[in-house]
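Below: one structure, written as structure tokens.
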Amino acid sequence: MRFQTASVLAAALSLVASSNAIKILLNNDDGFGSGNLRELYRFLKEDGHDVVIVAPAVQQSGQGGRSDFTTYANLTSPAQYGIIPAGAPSLGTDPNDSNIWYYNGTPAACTFVALDFVLPRYYENWEGAPDLLVAGPNYGLNLGPFVYSLSGTLGATYAAVARSIPAIAASATNDAIDYRNITNATNPATWAAKVAYTVVKEFIDNTGEDQTILPLGYGINVNIPELDLDEIPPFVKTRLTGEADVDIAAYNASTGLFTWQNIIPKSAGVNACYNGDCSLPGETYVAEGGSVSISAFTIDYTAPSNAYTDLVFGKVGALFDSGNSTSYKAKRALKSGRRLLQGREVSDL
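Under mature numbering (1 follows the signal peptide of the UniProt record, and there is no 0), the letters of the sequence shown match residues -21 to -1, 1 to 328, in that order.
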């Protein structure tokens, strides 16, 4: 009887999980063999979601949003951790799981290959797009607007947001690990994936049936501090700006080479607050203090409507007043072969 009750309960929980199930595309910049990535994949699959990985064949950190597609049909060297041998196709699946794909390109390129080739061709029930893209958890934190533009994890994320796909980036502090070397649940990769899974699950569980996970053009950046226990730290709502770092070129006189270092004191330019709630703490400060930071961003890079923007445009106001802008628009319309709408004046366009 007790066994029967347990079975019924397990079945009920499975139904609950499947009722909230969504289609999730996973990506990263650390490579498709990343322990962090594979553990998050496992958690999401166990929760009943339909999950596909399309991630770089090799480590691709620091690529930002660069979309670089390989010019070779086959791998010229083995894929990450030797999982795929040299000479194999540049796009393919893991030998043990056909829903885990590798591609020999940058993280952003992997997002596009997933959206424009893998999903339409091999996952017709996805109808061409996932409900959510999650990138990471990365090895190493991705904090602040300067790193936002450099991180391949973020690049994979905002590449999806630009294509109208809600996306979440997650980054942690643990070291790289081959997923095959994870033999128990007491390890930093599993802990990091559990925190990322907790954030993703919260977004999913609090989304209405006919609602998208995030509004159009929005993304989320999650940074997970150092973990030494299977215990989830506090979560804090944060900004990308605020106590954020920016690099300098540090010259080594003995080698004649340059490397990067963080500028001290922190740059005011990268931390100027114009958008959102300026009273929120910066994600850099929060993550360094041991809490999980959750920042929302948009890819609308247009400057806000304020006095500073008015002053900027005011410097070239004579150009706008001259009518050149209107004439240019009319010429563009005619040159492209489009007819101006009947009954509309040029000034209305």
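Ideal Cβ placement from N, Cα and C applies to all residues, glycine included.
Bear in mind the structure is a predicted one, so any value in this text is a computation, not a measurement.
Of all alpha-carbon atoms in Phe292, Asn200, Ala229, the one lying nearest the alpha-carbon of leucine 133 is that of Asn200.
Uninterrupted beta strand (DSSP E) stretches at least 3 residues long and entirely within the stretch 58 to 113 occur at 70 to 73, 76 to 82, given in chain order. Pairing alanine 114 with alanine 146 gives a Cβ-Cβ distance under 9 Å. According to the DSSP secondary-structure assignment, proline 244 is paired through a beta bridge with no residue.
For glycine 261, there is no enclosing beta strand (DSSP E), as DSSP gives it neither H nor E.
About 14 Å separates the beta carbon of tyrosine 20 from that of isoleucine 1, a gap too long to meet the 8 Å contact definition. Per the coordinates, the alpha-carbon of serine 69 lies some 24 Å from the alpha-carbon of aspartate 29.
Spanning the alpha carbons of glycine 14 and proline 283 requires a straight line of approximately 40 Å.
Short of 7 Å from the beta carbon of aspartate 157, and not among the five residues preceding or following it, lie these beta carbons of its own chain, in chain order: Gly12, Gly14, Tyr60.
Spanning the alpha carbons of proline 116 and asparagine 75 requires a straight line of approximately 22 Å. Contact between glutamine 42 and threonine 85 holds, since their C-beta atoms are separated by about 4 Å, short of 8 Å.
Across the set Pro64, Gly44, Ala275, the C-alpha of Ala275 shows the shortest separation from the C-alpha of isoleucine 192. Within its own chain, the residues whose Cβ lies closer than 8 Å to the Cβ of valine 291, once the five positions on either side in sequence are excluded, are Ala282, listed in chain order.
By the Cβ test, the stretch 159 to 167 is not in contact with the stretch 235 to 252, since fewer than three Cβ pairs between them sit closer than 8 Å. Our two residues, threonine 55 and valine 140, have alpha carbons roughly 31 Å apart in a direct line.
Asparagine 202 carries a strand assignment under DSSP once its states are collapsed to helix, strand and coil. Shown here, phenylalanine 182 sits in a helix according to DSSP, grouped into three states. CA-to-CA, the gap between leucine 112 and alanine 138 works out to about 10 Å. Under the DSSP assignment, alanine 138 falls outside any beta strand (DSSP E), being part of the alpha helix (DSSP H) whose first and last residues are 131 to 141. Spatial neighbours of leucine 120 in its own chain (CB-CB distance under 7 Å, excluding positions within 5 residues in sequence) are listed in chain order as Ser150, Thr152, Asn202, Ala266.
Distance between serine 246 and proline 204, taken at the CA atoms: about 23 Å. Rounded to the nearest whole angstrom, the C-alpha separation of serine 301 and tyrosine 197 is 37 Å.
By the C-beta density criterion, threonine 238 is exposed, having fewer than 16 other C-beta atoms within 10 angstroms.
Every unbroken stretch of the beta strand (DSSP E) spanning 3 or more residues and falling wholly within the stretch 202 to 240 is given here in chain order: 214 to 217, 226 to 231. The three-state secondary structure of proline 35, taken from DSSP, is strand.
Valine 271 is positioned such that its CB atom lies no closer than 9 Å to that of phenylalanine 182.
Here alanine 146 is bridged, per DSSP, to Leu112, Gly198.
Nearest to proline 167 by alpha-carbon distance, out of Ala155, Thr136, Arg218, Arg100, is Ala155. With 16 or more other CB atoms across the displayed protein chains lying within 10 angstroms of its CB, arginine 17 is buried.
Between the alpha carbons of leucine 98 and alanine 297 lies a gap of roughly 50 Å.
Scanning Asn250, Glu210, Ala65, Leu4 for the CA closest to the CA of valine 225 turns up Asn250. Straight-line spacing of the CA atoms in leucine 195 and threonine 277 works out to 9 Å.
Non-local C-beta neighbours of threonine 186 in its own chain, meaning closer than 6 Å and more than five positions away in sequence, comprise Ile192, ordered along the chain.
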